């Protein structure tokens, strides 16, 4: 899922300061599950913002509600008139949600209330770890299901660098060395020889380095106008 | 002979090789670097010029390397994959060749979070293995990484680094072999403080005959003080310092002399280990000591080949 965390309240309050009719808009899918921008977090954020604005003697009102997903037109359309009644929408969706809203309804003023961090999963209660960078050319079959593009700080493709020590990455003591994990898994499947093959330079054009990506599925498109 | 560098000639002659290390400054005033180069010129066969070491912005290794060439000295320029993509690296390699640089050492580089621009975007377009293989193919097959032809022949002596002290230990020799297969003719190791582990690693190297395929040079660093030893132990990525060595320094009356003794003992032991082709002396912030280390290790005068 997409992982995010709320921006500091001061930053949200500063974005909201010039506006009077404000809505904190939650999103109940990914960021709801990772407890950053769902219904509960939206209500909390709205309360905190109201307290802050009262203290600062800022006029206006802060409303709050949530959509099932801000990244799909049909959910936005259901509440379109209500959304248009606000001067500012503080979206607690990921960056995709914010952009879906402004592209679909250009008259809306939408600002992000979250920082979108990664695609990952909860490794334990309250801890979400990144597992995919969306590079567009999956290599997990070569690396026993451990992604070196995401989990190695240097995106190495040919084994651990000299900074791998006792299973940890040189970058931080809480980061496991991805190549140690790959090595251990290859070893447990008696496939360490796989590492001897020199993997060629990656074609990054399928990742963001090739420019913004669009995925087209002709088989599921709806023909228009014929 | 591949590139005809002094380093390559000494390796081929079978003499025990000695290289030094020069770190460019955080300014464009390279007077001091030139001074250190002059100071050790009769004592080393070539000089590594680091490439923004520990991810700190410094004068570029190729610029300093070019200066050394003009002084009649021989640089080994380091190239990391941290700061440049394959377009820039290949362009820089062409430029380095045009400037008369004949030795290139390929590395991943310390992660940018360690340096003075921790918010910078790490490039890592290719890894150190792909860098070696790419540069080997540029040289031997006249082909850029993308497949285009290199329009005039280019040559350089290619090296790589190896860290026998990193984990997983049993993989380190596999990785060395992979680097040799990717094009490394010489190998410089991370600083050796744990000689037992290094010897264990060399045993594995010899078992596979890798010492015959590439010149393995052991890395050493003279420790100036107890503080420096502790700092390296705790803060420098990829370095391990055994507690016994820290205790030995602690117990010594003259720390500097003891650090020097440890370094010289290490070099002498390296000369005894079958398959070790030379030593790489990294006297960081203590460059002036290199001639004394080389002399006391019995490696002076340097062979003329």
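Protein chains in written order, with our numbering: chain L, 10 to 235; chain H, 38 to 342.
Backbone N, C-alpha and C define an ideal beta-carbon position, used for all residues, glycine too.
These numbers were taken from a predicted model, which means no experiment stands behind them.
Residue i - DSSP class collapsed to helix/strand/coil
i	result
residue 15 of chain L	strand
residue 224 of chain H	strand
residue 238 of chain H	helix
residue 36 of chain L	strand
residue 131 of chain L	strand
residue 315 of chain H	strand
residue 67 of chain L	coil
residue 201 of chain L	helix
residue 268 of chain H	helix
residue 349 of chain H	Examination of residue 349 of chain H is not possible in this model, given that chain H is present from 38 through 342 alone.
residue 182 of chain H	coil
residue 56 of chain H	strand
residue 167 of chain L	coil
residue 157 of chain L	helix
residue 31 of chain L	strand
residue 203 of chain H	coil
residue 144 of chain H	strand
residue 83 of chain H	strand
residue 124 of chain L	strand
residue 257 of chain H	strand
residue 49 of chain H	helix
residue 64 of chain H	coil
residue 212 of chain L	coil
residue 159 of chain H	coil
Own chain residues within Cβ distance below 7 Å of residue i, not counting five before or after
i	result
residue 176 of chain L	185, 186, 189
residue 176 of chain H	191, 192, 193
residue 113 of chain L	82, 85
residue 59 of chain L	71
residue 217 of chain H	247, 250, 251
residue 195 of chain L	153, 201, 203, 204
residue 424 of chain H	Residue 424 of chain H lies beyond the stretch modelled for chain H, which goes from 38 to 342, so this question has no answer here.
residue 170 of chain L	163
residue 292 of chain H	262, 263, 286
Close beta carbons around residue i, own chain, < 6 Å, minus the five adjacent residues each side
i	result
residue 18 of chain L	57
residue 151 of chain H	91, 92
residue 168 of chain L	188, 204
residue 12 of chain L	43, 126, 127, 129, 137
residue 118 of chain L	97
residue 317 of chain H	56, 225, 254, 256
Cβ distance (whole Å) where residue i is taken to contact residue j below 8 Å
i	j	result
residue 161 of chain H	residue 212 of chain H	In fact, because the Cβ distance is near 17 Å, the residues do not count as touching under 8 Å.
residue 21 of chain L	residue 99 of chain L	6 Å
residue 304 of chain H	residue 334 of chain H	4 Å
residue 310 of chain H	residue 330 of chain H	That belief does not hold up - the Cβ atoms of residue 310 of chain H and residue 330 of chain H are roughly 18 Å apart, past 8 Å.
Residue interval of the beta strand (DSSP E) (run including residue i)
i	result
residue 218 of chain H	First-last for residue 218 of chain H: 206–219, but that is the alpha helix (DSSP H), not the beta strand (DSSP E).
residue 115 of chain H	112–117
residue 100 of chain L	97–100
residue 120 of chain L	119–121
Cut-off 8 Å between Cβ atoms - residues of its own chain near residue i, not counting five sequence neighbours on either side
i	result
residue 55 of chain L	33, 71, 72, 73
residue 37 of chain L	47, 48, 75, 76, 77, 78
residue 326 of chain H	259, 297, 320
residue 227 of chain H	198, 199, 200, 201, 202, 203, 256, 275, 276
residue 162 of chain L	178, 179, 180, 184
residue 111 of chain L	117, 119
residue 10 of chain H	One cannot answer for residue 10 of chain H here, as it falls past the ends of chain H, which runs 38 to 342.
Alpha helix (DSSP H) segment containing residue i, residue limits
i	result
residue 231 of chain H	Premise fails: residue 231 of chain H is in no alpha helix (DSSP H) and is neither H nor E.
residue 72 of chain L	From DSSP, residue 72 of chain L is part of no alpha helix (DSSP H) but of the beta strand (DSSP E) over 70–76.
residue 165 of chain H	165–177
residue 198 of chain H	Note, residue 198 of chain H: premise wrong, no alpha helix (DSSP H); beta strand (DSSP E) at 194–199.
residue 306 of chain H	292–309
residue 100 of chain H	98–107
residue 110 of chain L	104–113
Residue i - partner residues in DSSP beta bridges
i	result
residue 90 of chain H	In DSSP, residue 90 of chain H forms no bridge with anything.
residue 320 of chain H	Paired residue(s): none; residue 320 of chain H is not in a bridge.
residue 177 of chain L	L:174, L:185
residue 252 of chain H	H:223
residue 125 of chain H	DSSP output for residue 125 of chain H lists no bridge partner at all.
residue 139 of chain L	L:129
Per-residue contacts from residue i into chain C (C-beta, under 7 Å)
i	result
residue 170 of chain H	Checking the listed chains, one finds no chain C in this structure; the protein chains it contains are L and H.
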